[in-house]
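A quick write-up on the structure given underneath.
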Amino acid sequence: MSLRQILVALFALAALVASAIASIAFGAVHVPIGDVIDALTGQARDGPLKQIILDLRLPRMVEALLVGAALGVAGTLLQGALANPLASPDVMGVTGGASFGAILILIVFPSQIALLPVGALAVGMIAAGLVFVIGATGVGGGSAARLILAGIAMTAAFQAGTTSLMASFPDRVPGAIFWLAGGLTTAGWENIKVTWPYLAIGFVLAALLARPLDRLALGDDVAASLGSRPRAVRLTAAIAAAMLAACAAAIAGLVTFLGLFIPHVVRMAAGTSSNTYIVPVSALAGAALMLVGDTLARTVAAPIELPVGPLMVLLGVPVFLYLLRRQT
Amino acid sequence: MSPLPGRAEPVFDSSAPLLEARDVTVSLGGRQILHGADITVEVGSLVAIVGPNGAGKSTFARTVSGLLRPEGGSVRWSGVELGELRGRTLAQLRAFVPQRARVPEGVSVREAVRIGRSPHVKPLGRLLRADHDAVDRAMERAGVAQFADRALTTLSGGELQRVQIAVGLAQEAPVLMADEPTSHLDLGATATLAKLLRGLTADGLAVVLVVHDLSLAAAVADTVVVIAGGRSVAIGPPSEVLVRERLHEVWHVDAALEQRPDGHTALHVAWLGRTEPDSGFHLDRDSPHPPQFPTSEAETSDERTSPR
Chain A
1 MSLRQILVAL FALAALVASA IASIAFGAVH VPIGDVIDAL TGQARDGPLK
51 QIILDLRLPR MVEALLVGAA LGVAGTLLQG ALANPLASPD VMGVTGGASF
101 GAILILIVFP SQIALLPVGA LAVGMIAAGL VFVIGATGVG GGSAARLILA
151 GIAMTAAFQA GTTSLMASFP DRVPGAIFWL AGGLTTAGWE NIKVTWPYLA
201 IGFVLAALLA RPLDRLALGD DVAASLGSRP RAVRLTAAIA AAMLAACAAA
251 IAGLVTFLGL FIPHVVRMAA GTSSNTYIVP VSALAGAALM LVGDTLARTV
301 AAPIELPVGP LMVLLGVPVF LYLLRRQT
Chain B
1 MSPLPGRAEP VFDSSAPLLE ARDVTVSLGG RQILHGADIT VEVGSLVAIV
51 GPNGAGKSTF ARTVSGLLRP EGGSVRWSGV ELGELRGRTL AQLRAFVPQR
101 ARVPEGVSVR EAVRIGRSPH VKPLGRLLRA DHDAVDRAME RAGVAQFADR
151 ALTTLSGGEL QRVQIAVGLA QEAPVLMADE PTSHLDLGAT ATLAKLLRGL
201 TADGLAVVLV VHDLSLAAAV ADTVVVIAGG RSVAIGPPSE VLVRERLHEV
251 WHVDAALEQR PDGHTALHVA WLGRTEPDSG FHLDRDSPHP PQFPTSEAET
301 SDERTSPR
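See the structure below:
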């Protein structure tokens, strides 16, 4: 590993630690740092401050961390598996499906709001499943172009469904706007309880897939020469990415820009495309950016919360465009 | 990949040929491409697979390498059936160098060759000292070490092809299969690659080459396998196999191979068809000097030569 790569990884790690601390320490209510440490180490007396730290800020910090890492990894997996720099969780139909699932709950069954993460996760994975069935089976199935086109078509179909729902119940649309904009909620550990098994499977698969994806970068024939099964690698990576992205959407709504953006920033900053490096560092960088975005969203205009999605896009786009211009 | 419970490790027979395929049949998309092709590859030999376009040469090479599934026949690597060999085991028996590999952005020569070493690295494991040494050896042998840190996207066609060979060499498999490695290269780069591949057999590797250029095949190969219409129609030394009758039968041209004792080879081809010697003299209306036709096959010739 080159010095540059080590520095980029260390920077991402430091940013993650600093932003995690900031995420716990800062919020609408001022909590002295001593009380924060006491609460985390289990020495605080019961009271509202302890509750704020352990029941509100800690789960929200963990959510931001998981969502950011999940999207960073999902984008890396898809860009590697589909050999396409434009790939992001959107292209697998996940985002379109998850939006439809969430909007369905928010608009048609608003009394069942607790089912929101379940609905987003389930429909997101169903959409990805349909994309796989159409794009990966039959003669010539499993090619990157076919998966991407199937994903675009499926996304369009679910987006049409979402738009139709919103047009049919215009009075209930305001409640759905925050979800569509993307942002974390203070729902305690509920979202994580629903999503953690899929997140765990997704992260484990990602770790196992990093090297097979590097082989795939040299083409299917070279990957096969090296003992991989290119089709199986591509599909497993897409499934893992779909799971991670669906979980991220279930927890935080539409913040999927992160999935496109983070792997590119890491590649450009570190000057390598090796997935054994990009997968873990994208997880760190994604988590850090999500934590920074969420902390800013909660504190900049406190007690009003800004939506995280647009805030992060505003933060991210200039960095992305700068690196893009500088790239040789 | 560690063996799954219940699956025995394959037992290799060191007295068997490195690769022995008999009567291989393959269908792609419902159409039978190969109807019965044979090949035998021994240690330290160079085998050239030749044949017309669409005859099934590449399909044959890909099938015996395990990239395509055979429909029938037998493919054995050191005595073990191809079907019993899994990923990493197979990757340590043969390296397959494709005709045109992807050239990913942001990947250096060294990184690519390291990927070639991955069958020797455990999943989630790191490259050890011995692996880095193997990567250096592969780059040195293929003559790409001097530009190890350049990006693949900046290389010429010849350099890129040698990097592909280096990726295969890093596998340290006893057999290197290369699918038309010279088809996009100029004369000089072709000669460099021919010397490299022939040199590998001197190192003890076996090389299988899918190749169009018959004069090149004759110069470098110990054995030539002629594939025509999905079958291996002839197997043997170039001088015995690439005879005039067969060139006519398989490629439908009037051509003759010349092999000089100093290693020069040439394919003399009647590109525009055979000139009948008894058809009288030929008048070239554009030339003040009527051309001479000393022999029927020497009107034009492909004078590509390759030292052995």
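Residue numbers (my numbering), protein chains in the order written: chain A, 1 to 328; chain B, 1 to 308.
By construction, the Cβ of each residue, glycine as well, lies at the ideal position given by its N, Cα and C atoms.
These figures come from a predicted structure and were not determined experimentally.
- One finds Glu111 in chain B with Cβ atoms closer than 7 angstroms to the Cβ of Ser274 of chain A, taken in chain order.
- Against chain B, the CB of Val222 of chain A has a partner CB under 7 angstroms away; the residue lies at that interface.
- In the DSSP assignment, Thr223 of chain B falls within the unbroken beta strand (DSSP E) covering Thr223 to Ala228.
- As computed with DSSP, Ile49 of chain B is found in a beta bridge with B:Val210 and B:Val225.
- Remark: C-beta atoms of Gly202 of chain A and Leu244 of chain A approach each other more closely than 7 angstroms.
- Residue pairing by DSSP places Phe96 of chain B opposite B:Met177 in a beta bridge.
- Near chain B, meaning a CB-to-CB distance below 8 angstroms, the residues of the stretch 227-257 of chain A are Gly227, Ser228 and Arg229.
- DSSP lists B:Ala21 as the bridge partner or partners of Ile39 of chain B.
- Annotation: Glu172 of chain B is outside any alpha helix (DSSP H) and is labelled neither H nor E by DSSP.
- Annotation: Arg326 of chain A has no Cβ neighbours in chain B at a cutoff of 7 angstroms; minimum Cβ distance is about 14 angstroms.
- Straight across, the Cα-Cα distance linking Leu7 of chain A with Pro280 of chain A is about 14 angstroms.
- Taking a cut-off of 8 angstroms on C-beta distances, the stretch 99-111 of chain B touches the stretch 152-161 of chain B, as three or more cross pairs fall below it.
- A distance of 7 angstroms or more separates the beta carbons of Leu16 of chain A and Ala223 of chain A.
- In this structure the stretch 76-90 of chain B does not touch the stretch 230-249 of chain B; the number of beta carbon pairs closer than 8 angstroms is below three.
- Not a single C-beta of chain B is nearer than 7 angstroms to the C-beta of Arg4 of chain A.
- With the rule of 3 Cβ pairs closer than 8 angstroms, the stretch 96-103 of chain A counts as touching the stretch 242-259 of chain A.
- Contact annotation, Val91 of chain A with Leu77 of chain A: C-beta distance approximately 12 angstroms; criterion of less than 8 angstroms not satisfied.
- Distance from the CA atom of Leu216 of chain A to the CA atom of Gly96 of chain A, rounded to whole angstroms, is 27 angstroms.
- If you draw a straight line from the Cα of Asp221 of chain A to the Cα of Ala61 of chain B, it comes to about 12 angstroms.
- Interface annotation, Ser118 of chain B: in contact with chain A, CB-CB separation under 7 angstroms.
- In the structure shown, the three-state DSSP call for Gln51 of chain A is helix.
- With contacts defined as CB atoms closer than 7 angstroms, Ala112 of chain B and Val167 of chain B qualify as a contacting pair.
- Gly44 of chain B is positioned such that its CB atom lies closer than 7 angstroms to that of Thr201 of chain B.
- The stretch 48-58 of chain A and the stretch 204-216 of chain A do not touch, with fewer than three beta-carbon pairs separated by less than 8 angstroms.
- For the pair Val173 of chain A and Ala167 of chain A, the Cα-to-Cα distance works out to about 8 angstroms.
- Within the same chain, Val91, Met92, Gly93 and Val131 come within 6 angstroms of Gly151 of chain A by CB-CB distance, once the 5 residues on both sides are set aside.
- By the C-beta density criterion, Gln171 of chain B is buried, having at least 16 other C-beta atoms within 10 angstroms.
- Here Ala145 of chain A is exposed: its Cβ has fewer than 16 other Cβ atoms, across all protein chains shown, within 10 Å.
- Taking a 10 Å sphere around the C-beta of Thr182 of chain B, we find 16 or more other C-beta atoms and assign the residue as buried.
- In the assembly as shown, Asn53 of chain B is an exposed residue. Its beta-carbon has fewer than 16 other beta-carbons within 10 Å.
- According to the DSSP secondary-structure assignment, Leu34 of chain B is paired through a beta bridge with B:Val26.
- Under the three-pair Cβ rule at 8 angstroms, the stretch 61-77 of chain A does not count as touching the stretch 116-130 of chain A.
- Taking C-alpha positions only, Ala219 of chain B is separated from Ala242 of chain A by approximately 53 angstroms.
- Counted as a single uninterrupted DSSP element, the beta strand (DSSP E) harbouring Val269 of chain B occupies residues Thr265 to Val269.
- A distance of 7 angstroms or more separates the beta carbons of Ala285 of chain A and Ala64 of chain A.
- Closer than 7 angstroms at the C-beta level to chain B, one finds these residues of the stretch 189-221 of chain A: Ala207, Leu208, Arg211, Asp214, Arg215, Ala217, Leu218, Gly219 and Asp221.
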